[in-house]
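Report on the following structure.
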Amino acid sequence: MKFVDEARVRVQAGNGGRGCVSFRREKFVPFGGPDGGDGGHGGSVFLRAAEGINTLADFRVERNYKAKSGEGGSGNDCTGRGGDDLYVAVPVGTVVRDAETGEQLGDLAREGQVLQVAQGGKGGWGNARFKSSTNRAPRQFGTGLPGEKRLLELELKVIADVGLLGLPNAGKSTLIRAVSSARPKVADYPFTTLHPNLGVVYCGEHRSFVMADIPGLIEGAAEGAGLGHRFLRHLQRTRVLLHLVDIAPPDEDADPVRDVRAIVAELGKFSDDLLGKPRWLVINKRDLLPDEEAEAAAKAMVRRLRHKGPWFLISGATGIGTRELAEEVMRFLEAEAARRREAEAGGDLPAEGEAAGGEAGAARPARRRAAERDGRARAPAPARTRQPKPRA
Ligand SMILES: Nc1nc2c(ncn2[C@@H]2O[C@H](COP(=O)(O)OP(=O)(O)OP(=O)(O)O)[C@@H](O)[C@H]2O)c(=O)[nH]1
Ligand SMILES: [Mg+2]
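Just so you know, the numbering used here puts 1762 at position 309 of the sequence shown, and the rest follows in order with no gaps.
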């Protein structure tokens, strides 16, 4: 199936049912009074993050989602049946925005997380609600409020702990094959990988992390060179980037140091956030050079780059150094998780969901979120359908 990481869908909540105008009619009960019931509430639309869906491809086919409207009220004080809520399954890692305002509505980063995207309309009042001491046979009723409508922009950002970064042919896919059971295609031509691949790297019991292999990046990607740089979004949620460099590029003029700098510049053009992530240098294809030569070349490269972080000299093809790299990454992630837990316990840091900026939507209860949206999102009622409070 084609990998799709952007989609637009239209969602529409159900309308509220119409209130009923009816009077009690019974033998020996003259002037029975109003007994029209309220309309049922319209169903709301929710998105739910579900495991097992890997792309937004389904939303290329089905673009409209509509929840059921509430039914009208009826006599004898019967309230109309409410419309059922609609739950739409999306991949874990979907960021939801309102396409018209650009406002981020939420981020479904954990399996099972639910986000309300369109609120159902309230049912209209039946005439029984309008009775008062001065109007004992009211004929007013509420027509029910319309359900909220929205055009949503969905963006999938895959969830991985570690991201692989590098020029085409640096050996990213070879590395993920070496350390996980993911099997992306490997070939000696550039741009073999066209969409992200995820692999789970096991380092022992209850110790594993997810690695993302993305397409190769080249200089000028921000301006559209190669496959562009859109897929860098899939690195945004990672905790550490592994920057792969070919120690002995086949091209005579190629300079690995310049290539590393070019890629770092592209990262910066995409987002400062990515540029600020821990980035480890992984010098690959060490099997192409004799051992001492490879080590000397790697050290020279690190020196020239003034690279401060950890660096590794590996060969994805033969597997030399890949286990050590995986173990080091695992330890880093464990330490990072422990730090986060401590900070959260101490209350210094916002909770996980809120840390990544504007992701709080999903974490907050729907009611509070709706209140914060200041009634605007909750389908402002046209004057005609506003219902007066019953007088006591
Ligand atoms: N000798 C040697 N060759 C390697 C090594 N790792 C990868 N290669 C070769 O390099 C070529 C490119 O490898 P890929 O893993 O497809 O590279 P990639 O970074 O995923 O490339 P794109 O998907 O095009 O961005 C293939 O021919 C691999 O066999 C290595 O450690 N040693
Ligand atoms: Mg690849």
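Note that beta-carbon positions come from the ideal geometry of N, C-alpha and C, so glycine has one too.
Excluding sequence positions up to five before and after Ala1750, its CB lies within less than 7 Å of the CB of Ile1700, Leu1742, all in the same chain and listed in chain order. Unbroken alpha helix (DSSP H) stretches of 4 residues or longer found wholly inside the segment 1587–1651: 1625–1632, given in chain order. Counting of Cβ neighbours within 10 angstroms places Asn1517 among the exposed residues, the total staying below 16. Within the model, the alpha-carbon separation for Glu1672 versus Asp1712 is close to 8 Å.
The segment 1488–1502 and the segment 1636–1646 do not touch, with fewer than 3 CB-CB distances between them shorter than 8 Å. Contact check for Gly1470 and Gly1597: beta-carbon distance about 5 Å, within the 8 Å limit, so the pair qualifies. For Asp1666, the three-state secondary structure derived from DSSP is strand.
Going by DSSP, Glu1556 is part of no beta strand (DSSP E) at all; its letter is neither H nor E. When secondary structure is reduced to three states using DSSP, His1696 falls in the strand class. Secondary structure note for Phe1723: its alpha helix (DSSP H) is the uninterrupted segment 1709–1723.
Relative to ligand 2, Ser1626 has its C-beta within less than 6 Å of a heavy atom.
Counting C-beta pairs closer than 8 Å gives fewer than three between the segment 1616–1629 and the segment 1567–1577, which falls short of the contact rule.
Counting only unbroken stretches of 4 or more residues, the alpha helix (DSSP H) elements lying wholly within the segment 1460–1518 are 1511–1514, in sequence order. Here Asp1725 is exposed: its Cβ has fewer than 16 other Cβ atoms, across all protein chains shown, within 10 Å. For Thr1775, the shortest separation between its Cβ and any heavy atom of ligand 2 does not lie below 6 Å.
Sequence-distant partners of Gly1762 (beyond 5 residues in either direction) whose C-beta falls short of 8 Å from its own C-beta, in its chain, are Pro1731, Arg1732, Trp1733, Leu1734. With a contact defined as Cβ atoms closer than 8 Å, Ala1590 and Phe1476 qualify at about 7 Å. Remark: fewer than three beta-carbon pairs, one from each stretch, lie closer than 8 Å, so the segment 1570–1588 and the segment 1641–1655 are not flagged as touching.
Contact between the segment 1515–1530 and the segment 1615–1622 is absent: fewer than 3 CB-CB pairs across the two stretches fall below 8 Å. In the structure shown, the three-state DSSP call for Asn1529 is coil. Restricted to the segment 1723–1774, the beta strand (DSSP E) segments that are unbroken, complete and at least 3 residues in length are 1732–1737, 1764–1766, listed in chain order.
Per the C-alpha coordinates, the member of Gly1533, Val1498, Glu1797, Glu1781 positioned closest to Arg1660 is Glu1781. Gly1565 sits in coil when the DSSP states are folded into three classes, being neither helix nor strand. Listed as beta-bridge partners of Val1782 by DSSP are no residues whatsoever. In terms of CA proximity to Val1710, Leu1620 leads the group Lys1722, Thr1771, Leu1620. The secondary-structure analysis by DSSP pairs Arg1660 across a beta bridge with Gly1657.
Looking at the DSSP output, Pro1702 shares a beta bridge with no other residue. At a cut-off of 6 Å, the beta-carbon of Thr1771 does not count as near ligand 2: no heavy atom of the ligand is closer than that.
Distances from the CA of Val1693 to each of Ala1779, Gly1565, Arg1461, Thr1554 were compared; the closest alpha carbon is that of Ala1779.
Taken through DSSP and simplified to helix, strand or coil, Arg1534 comes out as coil.
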